[in-house]
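Presented below is the structure to which this report refers.
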Amino acid sequence: MRKQKKHSGFSLLELLVSVAVMLIIMGAALTFLAKDEQVYQGTQVVANLHQGVRSALELASQEIGQAGYLGSAEGQRQITSNVIGSPLLQTVSVSSTNSLFIGEKLLVDTGANQEMVTVTGVIGSSVSGIFTKSHTANTTQVAEEGAFGTGVLSGSTATTLQMFGDINSDGTLVYEEYTCDAGAGTLTRSTTPINSLTKNAPDVLLSNLVANPGGTPCFQYQTAHFNGTAYVTRVTVTLTGQEAAAEIETNTRRTLTSSLTVAPHNVLMALALAQASPAVTDRLQPTPPGLPLP
Numbered sequence: 082m083r084k085q086k087k088h089s090g091f092s093l094l095e096l097l098v099s100v101a102v103m104l105i106i107m108g109a110a111l112t113f114l115a116k117d118e119q120v121y122q123g124t125q126v127v128a129n130l131h132q133g134v135r136s137a138l139e140l141a142s143q144e145i146g147q148a149g150y151l152g153s154a155e156g157q158r159q160i161t162s163n164v165i166g167s168p169l170l171q172t173v174s175v176s177s178t179n180s181l182f183i184g185e186k187l188l189v190d191t192g193a194n195q196e197m198v199t200v201t202g203v204i205g206s207s208v209s210g211i212f213t214k215s216h217t218a219n220t221t222q223v224a225e226e227g228a229f230g231t232g233v234l235s236g237s238t239a240t241t242l243q244m245f246g247d248i249n250s251d252g253t254l255v256y257e258e259y260t261c262d263a264g265a266g267t268l269t270r271s272t273t274p275i276n277s278l279t280k281n282a283p284d285v286l287l288s289n290l291v292a293n294p295g296g297t298p299c300f301q302y303q304t305a306h307f308n309g310t311a312y313v314t315r316v317t318v319t320l321t322g323q324e325a326a327a328e329i330e331t332n333t334r335r336t337l338t339s340s341l342t343v344a345p346h347n348v349l350m351a352l353a354l355a356q357a358s359p360a361v362t363d364r365l366q367p368t369p370p371g372l373p374l375p
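The opening position of the sequence shown corresponds to residue 82 in my numbering, with each subsequent residue numbered one higher.
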């Protein structure tokens, strides 16, 4: 008599237990992955917050450092018409009038014929002033020398930073205005050539800006006064950014506060020229007319 072979395998109960165990393991894995994704998203949000605040501070630092700088126009500026020395006001054509302004002091020519001429007018490709010495066309150099002691304008406030100079070192004088508006949640920046009538529309540098802790101003200044001129020698910028959205893990929006202090070295140089004995006044440039721009 033959015995029937028993078939090996899982019983229904064993299968149910196996499925239950697998579901538990998969649930734990999915929970871990979801948690990990939340942490990753939170890390990215914080990184973006850090990047936004840091980028705004770096740009402000660079441009404050350039405030008051007087660079040279692209190429060598020259007189393009012969000039006969005279004690009277005369108009002289030059190769470029880019960024020249009324009141600016120009160093004209070299050697025995060198003189400092104060600009009394800028019309087209010509400037007017008193040229007491004779100069030859197309060989006479016209240089801009010195610095602006008012590179950071004394009218700047806790929420608005106003400054000017050859900020980009390209020979063009520009007026810059930073505005910190915690109510609107923005830090904006406007850049405009100084000979413009009104300032350009601002660009947003930082969104999700909030008020600084303890009511700390966005902009603080250290000022030295000498012979009736206010020299802003230190600018402290403090910004607080907030995450654009609440973190999934905590349902909160973190904030980040960063601060830096910058010394506009061209303003410091101008102050040193003013305090020298004797003062080097022919290298102290006046504030261009019309600043700050409306």
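No residue lacks a Cβ here, since even glycine has one placed at the ideal position from N, Cα and C. Note that the structure is a prediction, hence the values are computed from the model and not measured.
Open item on the list: For P375 and N276, what's the separation of their Cα atoms in angstroms?
Closed with: Walking along the sequence shown from the start, residue 375 turns up at place 294. Walking along the sequence shown from the start, residue 276 turns up at place 195. For P375 and N276, the distance between alpha carbons rounds to 12 Å.
TODO: May I ask which residues mark the beginning and end of the beta strand (DSSP E) holding A224?
DONE: One-based indexing of the sequence shown puts residue 224 at position 143. Where A224 is concerned, the enclosing beta strand (DSSP E) stretches over V223 to E225.
- [ ] With DSSP as the reference, please indicate the residues paired to G322 in a beta bridge.
- [x] Here residue 322 refers to the residue found at position 241 when the sequence shown is read from its first residue. Note: G322 sits in a beta bridge opposite L290 and L337.
TODO: Using a threshold of 7 Å, state whether the C-beta atoms of G227 and L151 are closer than that.
DONE: Walking along the sequence shown from the start, residue 227 turns up at place 146. Walking along the sequence shown from the start, residue 151 turns up at place 70. With a cutoff of 7 Å on beta-carbon distance, G227 and L151 are scored as near each other.
Task: With 16 other Cβ atoms within 10 Å as the buried cut-off, status of M107 - done: As a working mapping, residue 107 is identified with position 26 in the sequence shown. Result: exposed.
Task: Exposure label - V223; buried when at least 16 CB within 10 Å - done: Your numbering for residue 223 matches position 142 in the sequence shown. Buried is the call here.
- [ ] Return the bridge partner residues of Q303 from the DSSP annotation.
- [x] The residue you call residue 303 lines up with position 222 of the sequence shown. Paired residue(s): R315.
TODO: Give the straight-line distance between the Cα atoms of T269 and L188, rounded to the nearest whole angstrom.
DONE: Position 188 of the sequence shown, counted from the first residue, corresponds to residue 269. Position 107 of the sequence shown, counted from the first residue, corresponds to residue 188. Annotation: T269 to L188 spans about 37 Å, alpha carbon to alpha carbon.
Task: V200 in three-state terms, based on DSSP - done: Residue mapping note: residue 200 aligns to position 119 of the sequence shown, counting from 1. Three-state DSSP puts V200 in coil, outside helix and strand.
- [ ] Determine the closest residue to N163 out of S99, T368 and T217, with distance taken between C-alpha atoms.
- [x] To locate residue 163, count along the sequence shown from 1; it is residue 82. Proximity to N163 across S99, T368 and T217 peaks at T217, based on C-alpha coordinates.
Open item on the list: Give me the residue from G133, V102, M103 and L96 with the minimum Cα distance to L290.
Closed with: For the purposes of this step, residue 290 is identified with residue 209 of the sequence shown, where counting begins at 1. Of the listed residues, the one whose Cα sits closest to L290 is G133.
Open item on the list: Is the beta carbon of T201 closer than 7 Å to that of I210?
Closed with: On the sequence shown, position 129 is the one that residue 210 refers to. On the sequence shown, position 120 is the one that residue 201 refers to. According to the sequence displayed, residue 210 carries Gly and not Ile. Contact flag set, yes.
TODO: Express the C-alpha separation of T333 and T231 in angstroms, rounding to a whole number.
DONE: As a first step, residue 231 must be located in the sequence shown, where it is residue number 150. As a first step, residue 333 must be located in the sequence shown, where it is residue number 252. Cα-Cα distance, rounded: 44 Å.
Task: P370, DSSP secondary structure in three states - done: Numbered from 1 along the sequence shown, position 289 holds the residue referred to as residue 370. Note: P370 maps to coil in three-state DSSP.
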